[in-house]
Amino acid sequence: MSGETVITIVGNLVDDPELRFTPAGAAVAKFRIASTPRIFDKQTNEWRDGESLFLTCSVWRQAAENAAESLARGTRVIVQGRLKQRSYEDREQVKRTVYEIDVDEVGPTLARATAKVVKNPSGSGQSQGSKESTDPWAEAKPAPAAPGQSTGGGWSTTPPAPATAGHPEQPPF
């Protein structure tokens with residue numbers, strides 16, 4: 010969307026994702042990520058940690074449930090989303106500003122770990138629990154082509170619908 014600051018950050022989860030539901034039943038998971046740059050010190054000829062950046066992240070709906078089920082404290086993740094700034098007054102009436110990420114995509118990094126992907130059944134929007142397939146992509150079906158439209162091998166070339174400008178409800182945190 011125009012005017013939004015989209016960022017991608019890699020870091021470690023500081024705590025387990027906290028899953029809650031809005032009064033309307035929408036799932037939202039909150040977690041914090043710490044991204045620490047590595048800096049090479051030429052004087053000591055060694056790498057050292059720079060200053061960590063801590064960001065609070067919120068992910069919604071099915072992705073929230075998936076994140077809460079799949080990720081845990083210490084997991085190294087890649088997060089992409091929209092950077093938001095929020096100002097408030099604390100208990101001592103001091104004005105504070107925080108930066109948060111409204112997450113569009115989140116997943117574990119595979120640089121130093123492995124992950125097994127289990128695709129949610131299409132259409133249900135719910136996790137399947139213990140039912141596990143040996144081929145997680147086996148249920149994928151090509152989208153039907155519109156008359157006279159080439160879909161490049163049977164798969165839909167229609168771009169995904171744009172994300173909503175915001176969420177109808179505030180997160181319950």
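10 is the number of the first residue of the sequence shown in the working numbering; add one for each residue after it.
Beta carbons: idealized from backbone N, C-alpha and C, even for Gly.
Should V37 go down as buried or exposed, given a rule of 16 or more other Cβ atoms within 10 Å for buried?
-> buried
Determine the contact status of V107 and R95, defining contact as a CB-CB distance below 8 Å.
-> yes
Candidates K128, T118, W56: which alpha carbon is nearest I18's?
-> T118
Alpha carbon of D58 to alpha carbon of P32, nearest angstrom | 42 Å
D99 beta carbon less than 8 Å from that of R91 = no
Based on the DSSP output, what are the partners of L92 in its beta bridges?
-> T14, I110
With a Cβ-Cβ cutoff of 8 Å, do V68 and A43 count as a contact?
-> no
Can you tell me which of the three DSSP states E101 falls into?
-> DSSP places E101 in coil when its eight states are reduced to three.
Would you be able to state if there are at least three C-beta pairs under 8 Å between the segment 51–65 and the segment 119–131?
-> no
For T160, which of helix, strand or coil comes out of DSSP?
-> Any reading at T160 must be qualified, since the residue scores a pLDDT of 45, below 50, and its modelled position is unreliable; no value is offered.
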